[in-house]
Structure formats: C-alpha cells, structure tokens
Amino acid sequence: MFLKLPVQHITTNIHNTVFILNTVILIIALIVVELVYAETPKKDREHLKYFAPLFLVIIGLLIYAAYKQAGVAS
Amino acid sequence: MSITTITQSIKELSWIETVKAKYLKAKKQLSKKYRKSLAKVKKTSALKVSFNLTKSIRKSAVSLKPYFKDFWIFAVIAAVIVATQVTLAVTTIGGIYVNAAAFLILVGLALWKERARTLAISATILPVANMISLALPQTTEFAQTVVFYDSILVLALIYRFMFVLDQPLQETRLGKLGYLTLLPLMAIIGQVLGVIGYLMLRHHYAFDHASLPLVAACVVVFALAEEIFFRGLIQQRGSTLFNPVLAAILSLILFVFSTIGHVSILSLIFALILGLVLVTTYFKKQNLILTFTINAVTKLAYIGLMAGFIFR
Numbered sequence: 001m002f003l004k005l006p007v008q009h010i011t012t013n014i015h016n017t018v019f020i021l022n023t024v025i026l027i028i029a030l031i032v033v034e035l036v037y038a039e040t041p042k043k044d045r046e047h048l049k050y051f052a053p054l055f056l057v058i059i060g061l062l063i064y065a066a067y068k069q070a071g072v073a074s
Numbered sequence: 001m002s003i004t005t006i007t008q009s010i011k012e013l014s015w016i017e018t019v020k021a022k023y024l025k026a027k028k029q030l031s032k033k034y035r036k037s038l039a040k041v042k043k044t045s046a047l048k049v050s051f052n053l054t055k056s057i058r059k060s061a062v063s064l065k066p067y068f069k070d071f072w073i074f075a076v077i078a079a080v081i082v083a084t085q086v087t088l089a090v091t092t093i094g095g096i097y098v099n100a101a102a103f104l105i106l107v108g109l110a111l112w113k114e115r116a117r118t119l120a121i122s123a124t125i126l127p128v129a130n131m132i133s134l135a136l137p138q139t140t141e142f143a144q145t146v147v148f149y150d151s152i153l154v155l156a157l158i159y160r161f162m163f164v165l166d167q168p169l170q171e172t173r174l175g176k177l178g179y180l181t182l183l184p185l186m187a188i189i190g191q192v193l194g195v196i197g198y199l200m201l202r203h204h205y206a207f208d209h210a211s212l213p214l215v216a217a218c219v220v221v222f223a224l225a226e227e228i229f230f231r232g233l234i235q236q237r238g239s240t241l242f243n244p245v246l247a248a249i250l251s252l253i254l255f256v257f258s259t260i261g262h263v264s265i266l267s268l269i270f271a272l273i274l275g276l277v278l279v280t281t282y283f284k285k286q287n288l289i290l291t292f293t294i295n296a297v298t299k300l301a302y303i304g305l306m307a308g309f310i311f312r
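If you read the sequences in order, they're chains Z and H.
Sequential numbering from 1 applies to the first sequence in our numbering.
Sequential numbering from 1 applies to the second sequence in our numbering.
Here you go:
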C-alpha cells in the first residue's frame with residue numbers, strides 16, 4: 001500500500017555509516033564527472049544540470065551531519 | 001472600319017476592363033486570405049507545429065519499437081533497485097552499501113550512455129530518498145514515511161520540470177467528456193482496490209499513533225508522489241527509450257519492490273495488484289490525473305476502512 005524504507009530501527013551505527021558512505025560516494029561521483037568531462041567543451045556539458053539536484057541533496061546531508069557532530073562535540 | 005466594328009471593339013475593351021478589375025479584386029482577396037492564413041501559421045509557435053508533427057511520428061515509432069531493444073538498460077536499472085530494497089530489508093548495514101553502489105551505478109550509466117540518461121537519473125531518486133530517510137531518523141514510522149515520500153516528491157518534481165524544458169511531454173489532456181466519464185470510473189476502481197487492500201492488510205496498519213485526518217491528508221500527497229515518480233518519470237521516460245510495455249514492467253517492478261517491508265508478503269502482493277492497474281491505466285491513457293485518482297482513492301478508502309476497524 002505504501003512505499004517503505006525497509007529498515008526497522010535506525011541506530012547510531014546505521015546513521016554514521018550513511019554519512020561516511022555519503023562522503024565517499026560524493027567524492028567518487030565528482031571525480032567520475034570530472035574524468036568524463038575534463039576534455040569536453042562547455043556547451044556539450046549542459047546536461048550536467050541533471051546531476052546537480054542529487055549532489056545538492058548529498059551535500060546538504062553532509063552539512064547536516066557536520067552540524068549534528070558539532071552539536072554532539074560541544 | 002465601320003462604326004459597328006468600332007463599337008464592338010469598345011465593348012470588348014470594356015469587357016476586358018471588367019475582367020481585369022474582377023481579376024485584380026480576386027487577386028487582392030486571395031492575397032488577403034493568404035496573408036491571413038500566413039499570420040495564423042506564424043501565430044502558432046514553431047514549437048507547437050513541430051511538436052504536433054513529431055507527436056504522430058513518435059506515436060507510430062513507439063508502437064514499432066522492438067520488445068527487447070535496450071533490454072540491458074532495463075535489466076541494470078531493475079536489478080540495482082531490487083537488490084537495494086531486498087538487501088535493506090534483510091540486513092540494514094549491507095543494504096546501505098548496496099544503496100550507495102546503486103547510486104553510483106545509476107549515475108555512471110547516466111554519464112556513459114546518453115540515451116539512457118534521463119531514465120537512469122530518474123531511477124537514482126530512489127537510492128537518494130533512501131539515503132535521506134536513513135540520515136534523518138524520525139521517532140514514528142509515519143514521520144519516517146512522510147520524509148521518504150517528500151524527498152521522492154521534491155526530486156521527482158524537479159526532474160519533471162527539467163525534462164519538460166528540454167523535451168516537451170506528449171499531449172495527454174482529455175476532453176471534458178473524457179474526464180466526466182473516466183474520473184468517476186477511476187474513483188470506483190480505486191474504491192474496489194481500497195476494499196481489497198483493507199481485506200489483505202488490515203492487520204498490518206503502520207500508522208497507529210498518527211491522527212487519522214492527518215494520515216488521510218498525507219496519503220493524497222503520497223499518491224501524488226508515487227504517480228509523479230513511477231508513472232510520470234520512470235514509465236514516461238522509459239517509453240521514450242524502449243518499448244512502452246517494457247517501460248510499464250520496469251515501473252511495476254520498481255513500485256512493487258519499493259513497498260517491500262519486514263512485516264508481511266501481503267503488502268508485496270497488494271502492491272502488485274495496485275501497480276498492475278496503475279501501469280495499465282497509464283499505458284492506455286498516458287494521463288497522470290487518472291492514475292492519481294485511482295491511487296489516492298485506493299489509499300483514502302483503505303484509511304477510511306481502517307478507521308472503522310480501529311475504532312470498532
């Protein structure tokens with residue numbers, strides 16, 4: 001009936017893993033994009049805007065993680 | 001030259017003049033008409049003209065597409081999403097890694113194959129929604145579901161907007177008569193499905209502690225998010241890449257496996273029934289308002305019947 005995140009409880013361990021993986025995949029994805037488009041003229045890169053919302057979301061999550069970590073540390 | 005001949009030639013001359021005047025008048029009228037029609041053509045934007053032309057061409061091209069063209073793209077997208085959802089249901093930490101891998105595979109596919117780009121990038125919404133939900137843990141299952149659906153809705157709306165700018169969507173609006181006849185029919189289908197859902201899932205109601213009016217309002221948004229994502233992005237973008245039947249199957253697979261849970265197999269079976277009705281409706285009519293009506297009425301009927309079941 002409803003879409004689900006098929007996870008029963010989100011523990012701190014899960015939470016930390018998600019944030020570490022987010023950092024890793026964001027770096028990998030940015031490197032891949034850079035490698036693929038390093039030699040491409042600017043006008044042929046217009047479709048890169050499609051990736052922007054996804055990267056913005058992940059960057060947003062990382063900023064949130066940093067904010068939470070700072071909150072825990074202080 | 002006799003006088004009669006002169007008079008006759010004068011008459012002929014005047015006749016020629018009349019004909020000439022008539023000819024000029026007709027020419028003027030014709031050019032006026034021509035100018036009018038030219039202005040009319042100019043008024044219709046170049047985009048609309050080319051769109052109407054390409055619409056019929058595309059329609060025939062789609063029906064001629066072979067069933068297994070670009071089947072590997074279908075297989076890759078279906079496999080990574082199914083793997084993610086199943087692994088997350090079995091082992092959460094493992095699922096998170098598979099989810100990240102799915103994100104990278106789909107982004108890689110979008111970068112590598114230009115023709116698969118819009119579909120792959122649309123499918124990426126699901127792993128990203130998983131990431132958002134896992135990163136923002138909520139206290140109740142209802143709040144968790146709201147976060148999950150909201151992230152899908154926002155990203156799906158952004159992508160629909162971006163794709164419409166690049167490639168105008170097919171004209172799928174129905175006439176007044178079409179809506180008048182089809183909307184009540186869709187509502188009836190939705191109610192029947194809601195009753196079936198209630199019979200199958202009444203012991204697996206997930207939103208116990210949330211207020212019913214709030215749940216009822218939210219399920220309408222849930223239905224909107226599901227339709228914009230599964231039908232409006234996956235099935236619609238898929239139809240431009242491979243055969244529409246294959247696109248419908250992909251949309252169905254993604255829909256069914258996104259409802260996978262840790263409670264019961266019944267939710268999968270019901271998602272299969274509901275998904276079949278929704279993809280068939282979209283396949284036949286290409287209209288999101290109709291599928292949204294079925295989906296929203298199904299969910300509302302289910303919630304209404306559950307209210308009766310809970311407070312009995």
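From the three backbone atoms N, C-alpha and C, an ideal C-beta is built for every residue, glycine too.
Proximity winner among the options, relative to residue i (alpha-carbon distances)
i, options, result
"H:Glu227", "H:Thr18, H:Ile196, H:Val277, H:Leu214", "H:Val277"
"H:Leu185", "H:Thr281, H:Ile77, H:Ile16, H:Lys69", "H:Thr281"
"H:Thr92", "Z:His15, Z:Phe2, Z:Met1", "Z:His15"
"H:Gly197", "H:Gln167, H:Pro244, H:Ala301", "H:Ala301"
"H:Ser264", "H:Ala223, H:Lys65, H:Phe257, H:His204", "H:His204"
"Z:Ile31", "Z:Phe55, Z:Leu62, Z:Thr12, Z:Tyr67", "Z:Phe55"
"Z:Val33", "Z:Asp44, Z:Asn22, Z:Leu21, Z:Leu48", "Z:Leu48"
"H:Ala107", "H:Gln85, H:Ile73, H:Tyr23, H:Lys11", "Correcting the residue identity first, residue 107 of chain H is Val in this sequence and not Ala. The shortest C-alpha separation from H:Val107 is found at H:Ile73."
"H:Ile132", "H:Val219, H:Tyr67, H:Val146", "H:Val146"
"H:Phe309", "H:Val297, H:Asp208, H:Tyr34", "H:Asp208"
"H:Phe163", "Z:Tyr64, Z:Tyr50, Z:Gln69", "Z:Tyr50"
"Z:Val57", "H:Asn130, H:Ser37, H:Ile105, H:Leu30", "H:Asn130"
"H:Val154", "H:Val220, H:Ala143, H:Ala225", "H:Ala225"
"Z:Leu21", "H:Ser31, H:Leu305, H:Leu104, H:Lys25", "H:Leu104"
"H:Pro244", "H:Tyr67, H:Val192, H:Cys218, H:Leu165", "H:Tyr67"
"H:Ile188", "H:Lys22, H:Lys27, H:Ala296, H:Leu24", "H:Ala296"
"H:Trp112", "Z:Leu35, Z:Gln8, Z:Leu5", "Z:Leu35"
"Z:Ala65", "H:Tyr34, H:Pro137, H:Ala307, H:Leu30", "H:Pro137"
Classification of residue i by the beta-carbon crowding that lies within 10 angstroms, buried from 16 upward
i, result
"Z:Phe19", "buried"
"H:Leu47", "Note that H:Leu47 has pLDDT 49, beneath the 50 cutoff, so the model's placement of it is unreliable and no number is given."
"Z:Val24", "exposed"
"H:Thr118", "buried"
"Z:Leu3", "buried"
"H:Thr18", "exposed"
"H:Ser50", "Residue placement at H:Ser50 is poorly supported in this model, since its pLDDT is 49, which falls under 50; the coordinates still yield a value, given next. That one is exposed."
"H:Gln236", "buried"
"H:Thr5", "exposed"
"H:Gly190", "buried"
"Z:Ile59", "exposed"
"H:Gly95", "buried"
"H:Arg231", "buried"
"H:Ile77", "buried"
"H:Arg160", "buried"
"H:Ala102", "buried"
"Z:Thr12", "exposed"
"H:Thr139", "exposed"
First through last residue of the alpha helix (DSSP H) which encompasses residue i
i, result
"H:Thr91", "H:Thr91 -> no alpha helix (DSSP H), and no H or E assigned at all."
"H:Ser133", "125–135"
"H:Gly197", "176–201"
"H:Gly308", "288–310"
"H:Thr240", "236–241"
"H:Gly275", "266–285"
"H:Arg160", "141–166"
"Z:His9", "Neither: Z:His9 is in no alpha helix (DSSP H) and is coded neither H nor E."
"H:Ile253", "244–258"
"H:Pro66", "Careful: H:Pro66 lies outside any alpha helix (DSSP H) and carries neither H nor E."
"H:Ala206", "That residue, H:Ala206, is in no alpha helix (DSSP H); it is neither H nor E in DSSP."
"H:Leu212", "212–226"
Cβ-Cβ separation, residue j to residue i (assumed contact under 8 Å), whole Å
i, j, result
"H:Thr87", "H:Val80", "Wrong, their Cβ atoms sit about 11 Å apart, outside the cutoff."
"H:Lys69", "H:Phe283", "Between H:Phe283 and H:Lys69 the Cβ distance is about 17 Å, and since that is not below 8 Å, they are no contact."
"H:Thr259", "H:Leu266", "Actually they do not touch by this definition, with Cβ atoms about 10 Å apart."
"H:Ser251", "H:Gly238", "7 Å"
"H:Leu246", "H:Ala156", "Contact doesn't hold; Cβ gap of about 21 Å is too wide."
"H:Leu134", "Z:Ile10", "6 Å"
"H:Leu329", "H:Leu182", "Since the first residue of chain H shown is 1 and the last is 312, residue 329 of chain H is not available in this structure."
"H:Ala120", "H:Leu109", "4 Å"
"H:Ile294", "H:Val215", "Their Cβ separation, rounded to whole angstroms, is 19 Å, which puts H:Ile294 and H:Val215 out of contact at 8 Å."
"H:Thr298", "H:Leu274", "6 Å"
"H:Ala223", "H:Phe292", "6 Å"
"H:Glu114", "H:Ala206", "That pair is no contact at about 41 Å."
Members of the region 126–141 of chain H that neighbour chain Z once the beta carbon cut-off is set at 7 Å: Val128, Asn130, Met131, Ile132, Ser133, Leu134, Ala135, Pro137
Proximal residues, the region 96–123 of chain H versus chain Z, C-beta separation under 9 Å: Ile96, Tyr97, Asn99, Ala100, Ala101, Phe103, Leu104, Val107, Gly108, Ala110, Leu111, Trp112, Glu114, Arg117, Thr118, Ile121
The region 202–218 of chain H: positions lying closer than 8 Å to chain Z by Cβ: Ala206
Residues in the region 11–32 of chain Z having any Cβ partner in chain H nearer than 8 Å: Asn13, Ile14, His15, Thr17, Val18, Phe19, Leu21, Asn22, Val24, Ile25, Ile28, Ala29, Val32
Under 8 Å (Cβ pairs) to chain Z, residues found in the region 258–269 of chain H: Ser258, Thr259, Ile260, Gly261, His262, Ser267
Cβ-based contacts, 8 Å cut-off: residues of the region 52–71 of chain Z near chain H: Pro53, Leu54, Val57, Ile58, Leu61, Tyr64, Ala65
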